[in-house]
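Data first, discussion second: the structure below is written as structure tokens.
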Amino acid sequence: MNSKKTFLVCHGAWGGGWSWKKMHPLMQAAGHRLVTPTYTGLGERVHLMNSSVDLDTHIEDVVNVIKFEDLSEIVLLGHSYGGMVATGVADRARDCVSQLIYLDAFVPEDGQSLLDLNDADRQRMNELGKGGEWRVPPRPVSPDTAEADLCWLNARRVDMAIGCFDKKLKLHGGPLTLPRSYIYAKQITPADTFGPFARRTKDAPGWRYFEIDSTHTPNVTAPETLMALLQKIVA
118 MNSKKTFLVC HGAWGGGWSW KKMHPLMQAA GHRLVTPTYT GLGERVHLMN SSVDLDTHIE
178 DVVNVIKFED LSEIVLLGHS YGGMVATGVA DRARDCVSQL IYLDAFVPED GQSLLDLNDA
238 DRQRMNELGK GGEWRVPPRP VSPDTAEADL CWLNARRVDM AIGCFDKKLK LHGGPLTLPR
298 SYIYAKQITP ADTFGPFARR TKDAPGWRYF EIDSTHTPNV TAPETLMALL QKIVA
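Heads up: the sequence shown begins at 118 in the numbering used here, then just goes up one per residue.
Have a look at this one:
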């Protein structure tokens, strides 16, 4: 039996900890703990959204969960936009994180914003900014999502502040050296947003590379497959 792990999720854009609902019983059955905080301004914290919320806010949200919940030896998991957040969290809580897993996620370097890594969204958000709009509406959900899940997701996904996307990540302690893994969702969309990160990490020193047969949100569309893969990674 594998020793119990504490998984701490940095969720994707427009979502929340609630979107990892299907993973909780699977984690519990496997003997692990799953912690899924929601960032400021999203999910049950939507009433806190304002124009000053940015990437640093969300990094601080998760760092404070680590601090106040006394978490240690964490398996930190960043999904999609959560890769930006998780990188900042791993930097600021180096003594508390044992390994970092990117799930179809952005992998930033010091000084990079999400828009630096995603030209497809840059024009969209530049237009919003020029018009004085700071709210960024959700992108469509993965096309393989079941109808019931689609309704569930769309009823709960909310706008985000543009600062979450254009704020540049600042690493306080230099490059990360902890063990890192990348999970690439093989059922790609035409834009293949995360393909560059998969190719970059596939044979890179200090990285382990995995693929999952799903589209972008396996925590919703393929939870059992994701659980089996996570078990393999942390074994």
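We put the CB at the ideal spot given by N, CA and C, even for glycine.
Looking at the DSSP output, Gln216 bridges to Val192. Here Leu188 really is in contact with Leu125; their C-beta atoms are around 6 Å apart, less than 8 Å. Contact between the stretch 195-214 and the stretch 157-169 is not established, with fewer than three Cβ pairs separated by less than 8 Å.
With at least 16 other beta carbons inside 10 angstroms of its own, Asn336 counts as buried. For Val126, the enclosing beta strand (DSSP E) stretches over residues 123-127. Scanning its chain for C-beta atoms nearer than 7 Å, with the 5 sequence neighbours on each side dropped, one finds around Ser331 the residues Ala302, Gln304, Thr338, Ala339, Thr342, in chain order. Between Cys127 and Leu232, the CB-CB gap reaches or exceeds 8 Å. In summary, Asp236 is exposed, with fewer than 16 beta-carbon neighbours lying within 10 Å of its beta-carbon over all protein chains present. Ser136 has its alpha-carbon roughly 13 Å from the corresponding atom of Ala265. As summarised for the stretch 288-349, the continuous alpha helix (DSSP H) elements at least 4 residues long and confined to that stretch are 312-318, 335-338, given in chain order.
In its chain, beyond the 5 residues on either side, Thr157 have a beta carbon closer than 6 Å to the beta carbon of Thr174. For Leu151, the enclosing beta strand (DSSP E) begins and ends at 150-152. Under the Cβ criterion (8 Å, minimum of three pairs), the stretch 223-232 does not count as touching the stretch 246-255. Assignment of Met144 by DSSP, reduced to helix, strand and coil, places it in the helix class. Assignment of Arg211 by DSSP, reduced to helix, strand and coil, places it in the coil class. When Glu186, Asp227, Thr204, Asp320 are compared, the shortest CA-CA separation from Ile176 is found for Thr204. Using a 10 angstroms sphere on the CB of Lys121, the tally of other CB atoms stays under 16, which defines it as exposed. Sequence-distant partners of Ala210 (beyond 5 residues in either direction) whose C-beta falls short of 7 Å from its own C-beta, in its chain, are Val180, Ile183. Annotation for Asp233: the continuous alpha helix (DSSP H) segment containing it runs 231-234. Each residue's CA atom was taken as its position, placing Ala130 and Leu270 some 12 Å apart. Ala278 sits in a strand when the DSSP states are folded into three classes. One thing to note: Phe314 has its Cβ within 8 Å of the Cβ of Tyr299. Remark: C-beta atoms of Gln216 and Leu295 approach each other more closely than 8 Å.
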